[in-house]
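Top line first, the protein sequences correspond to chains A and B. For the first sequence, my numbering begins at 817 and goes up steadily by one. For the second sequence, my numbering begins at -17 and goes up steadily by one. Report on the structure given below.
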Amino acid sequence: MRRLRPAGVGLLSLPATIYFLLLFAVPLAVLLAESLHDRSGWTLAHYTRFFTTPYNWGVVGRTLRVAVLCTLFCTLLGYPAAFALARTRSLLQSALIAALLLPLSVSVIVKAFGWTVLLRGNGVVNQALQALGLTDAPLRLLFTEAGLLIGITNIFLPFMVLPLFAVVRQLDPRLTEAAATLGSTPLHGFLTVTLRLTLPGLIAGITLVFSLSIAAYVIPTLLIGDTYQTLPTLIATSFLYLQDPGKGSVAGVTLLVLSLATIIASAALSRRFTGRGR
Amino acid sequence: MPNGVVGSPNGVVGSPDAYLRIDRVAKRFGRATVLDALSLDVAEGEFISLLGPSGCGKTTLLRILAGLLTADAGRVTLAGRELGRLPPHKRNVGVVFQNYALFPHLTVAENIGFGLRARRVPKPEAAARVARGLEMIRLTHLADRPVTQLSGGQQQRVAMARALAVNPALILLDEPLSALDRKLRETMQVELRTLLRALRMTAIFVTHDQEEALALSDRIAVMNAGRIEQLDAPRAIYDRPASPFVLDFVGLSTTLSGVVERVDGPMLEVVTALGPVRVRGQFVRGARVLLAVRPEKIGVGSGAGNVPGAGPRAGNTATIRVADRTFLGRSCLVHGVAAEGDRVVLETSNDMGERVVPGSDLLVSWRPEDTLLFPQVAG
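See below:
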């Protein structure tokens, strides 16, 4: 096939570029401008106000805390699950992949609502805990951080498992055996071979789950409510209820910066780890 | 041949001081017996091939020796140490895998040095050993290349150097040449043999390629259904196969079934589809036997079967109808059919092969000494 000249490539991406400029970049610019502007003109006043309020630091802290913990739990659950998925036989594997993918076709709102039902005092989770004899009285789960983390980890877990599954499936099990016959302890073999070769998938999974959970709005709103504000819920409250676009836009820019930093860092990392060999 | 240990099929223990002793090792997968109380003694520095069809248990045995699989029963001792349930990283047994299993994220030098790093060999010494390994496989100029950029033959050499760098007590080779094309495979066979011999490395080589096994081994263990059918030097395996299975698996031959007609001292006369055949052996009259002759032992004309001084009646002769010829390069195979449909194959010179016309009758002969004799197994 004839190679396209750079100008030709540009022309092909023109419709997508226009679409993004109009519907994404322009609103972002407006948001950014709003955060730097008030009735008197250009100013940093919104930022000063936002970052001198201790409550807002708490919001940023909680946002990061939920995102980090959710990513951590997804990693701990998803990494072994991806191996199990990659090493099972074809029919069971197809069934498991279907089980993993089906929830993605259900709206986040529906799933979050589902969790509010499951986590209630007389919900299935508490019934199960009591039936197993783990607790005597129903635990308070709904509107607690524990409940939020249970729900959000469940909802975002597929985004960890799928990229990991893609790399684990490519991994030759004989590489670990080769490491062992060369004198590697199981831990050394895992760190230098298995983990190292699945790192691109892990980085992709962490990036996906982190950027999804840091920006989650519906899940915290339904599972924990207004008492536990994160950046996305703060943005919504600022614009919708407080009529404070200054505060909302600063919170928006803060969230954007955090997400971008994650994506840029992970892109740099995965380039470093996929640069050679495969 | 080291120690002159010739194991009869299964169970018989050879010399008491074998370097590697496999003693009645058994393995089952579900209801299938993959290894059936298999025993094998290997001397230090010996090159043993495990030869057999796929599913005969040769790879299973290799994985048990490497510690990648646990045997159900039996003992394995290496250099006086019982391997038992020792995990692979504590065995000091090197493995060259069929697909090489090189680490794709590492360079050639890093692959060779992997085992040294895993064993915490001090850096200067490790670097020296990697350099020696690279020199050994003549890839010093590619030291910093990612292994994924190497050709198949180069990858095979890296896999060898990686396994040898840690100076293992035993090296296991799992069909290491099967992924290479024929020409390269023959070159690599010689290289591999020379290398292992120079290092006095004890090696167990798994293959289903009989030519490879014949070319490389000190001894060959022909395996069938989880047992060793015959353990012998390559020449003996070819010239004196212990069973029809070994005969069939190693090399071509003409096989004829027949009944012993006459016992004449050490000689028997067997009635076959080709007529009476004289063969050395001990069977009673009326016994059903299987006869076999290697293609290169059969000659065109009546002269090839003559034994000097034994008179013209001593040789075996037969008339066959020529069905086809196969040109091999160095020589020519002539395929013929006997009166009752038995197939005869003989190897002859290219010139002779040219003169043989398919469809015509051909007088062939061979010596009684070159006739192999087996009891006929019922069924």
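Cβ coordinates follow ideal geometry from the N, Cα and C atoms, glycine included.
- The residues S1027, I1030, A1031, in chain order, have a CB closer than 8 Å to that of S1075 of chain A in the same chain once the five nearest residues on each side in sequence are set aside.
- For G318 of chain B, the enclosing beta strand (DSSP E) stretches over residues 314 to 319.
- The shortest CA-to-CA distance from G95 of chain B to any of A:L1047, A:L998, A:T864, A:V1066 is the one to A:L998.
- Residue burial is scored here from C-beta neighbours: I925 of chain A has fewer than 16 other C-beta atoms within 10 angstroms and is therefore classed as exposed.
- In the displayed model, N93 of chain B falls within a helix according to three-state DSSP.
- Distance from the CA of L355 of chain B to the CA of G247 of chain B, rounded to the nearest whole angstrom, comes to 16 Å.
- The distance from the Cβ of D324 of chain B to that of L234 of chain B is about 15 Å, inconsistent with a contact at the 8 Å cut-off.
- Rounded to the nearest whole angstrom, the C-alpha separation of G34 of chain B and Q192 of chain B is 8 Å.
- Counting only the Cα atoms, L159 of chain B lies some 23 Å from G208 of chain B.
- Rounded to the nearest angstrom, the Cβ distance from D5 of chain B to F79 of chain B is 26 Å, too far for a contact under 8 Å.
- Listed in chain order, the positions of the region 89 to 101 of chain B with a beta carbon within less than 9 Å of a beta carbon of chain A are T89, F96, G97, L98, R99, A100, R101.
- Unbroken alpha helix (DSSP H) runs of no fewer than 4 residues, entirely contained in the region 892 to 921 of chain A, are found at 906 to 917, following chain order.
- Nearest neighbour of A203 of chain B by Cα position, chosen from B:E322, B:L22, B:L68, turns out to be B:L22.
- Of all residues in the region 11 to 26 of chain B, none has a C-beta nearer than 8 Å to a C-beta of chain A.
- In the DSSP annotation of this structure, the continuous segment of the beta strand (DSSP E) that includes A203 of chain B starts and ends at 201 to 206.
- Here the alpha carbons of L51 of chain B and F265 of chain B stand approximately 44 Å from one another.
- When the beta-carbon positions are compared, T1008 of chain A and T992 of chain A stay at least 7 Å from each other.
- At a cut-off of 7 Å between C-beta atoms, P104 of chain B does not count as an interface residue with respect to chain A.
- Of the candidates B:V241, B:E351, B:T15, B:L84, B:L84 places its Cα closest to the Cα of R127 of chain B.
- Rounded to whole angstroms, the Cβ separation of A19 of chain B and A8 of chain B is 5 Å, and the two are in contact under 8 Å.
- Interface residue (Cβ-Cβ distance to chain B less than 7 Å): L1015 of chain A is not classified as such.
- Burial of K40 of chain B is indicated by the presence of at least 16 other C-beta atoms within 10 angstroms of its C-beta.
- Scanning chain A for C-beta atoms nearer than 8 Å to the C-beta of V77 of chain B yields E993, A994, T997, reported in chain order.
- Neighbours of T1001 of chain A across chain B, judged by C-beta separation under 7 Å: H71.
- CA-to-CA, the gap between C886 of chain A and M976 of chain A works out to about 11 Å.
- For A48 of chain B, the C-beta contacts it makes with chain A under 7 Å involve T997, in order along the chain.
- Of the residues assessed, Q138 of chain B falls on the buried side of the cut-off, its CB having 16 or more other CB atoms within 10 angstroms.
- When the beta-carbon positions are compared, L328 of chain B and P258 of chain B stay at least 7 Å from each other.
- Contact between V129 of chain B and V90 of chain B holds, with the beta-carbon distance rounding to 6 Å and staying under 8 Å.
- One finds N81, A83 in chain B with Cβ atoms closer than 8 Å to the Cβ of D988 of chain A, taken in chain order.
- Residues of the same chain with a CB within less than 8 Å of the CB of T932 of chain A, apart from the 5 flanking positions on each side, are L958, L1038, L1039 in chain order.
- For L355 of chain B, the beta-bridge partners assigned by DSSP are B:L273.
- For Q264 of chain B, no alpha helix (DSSP H) encloses it, and the DSSP letter there is neither H nor E.
- Note on V922 of chain A: under 16 other CB atoms within 10 angstroms of its CB, so exposed under the neighbour-count rule.
- Taking all protein chains shown into account, Q131 of chain B has fewer than 16 neighbouring C-beta atoms within 10 Å of its C-beta and is therefore exposed.
- No Cβ of chain A is located within less than 7 Å of the beta carbon of V327 of chain B.
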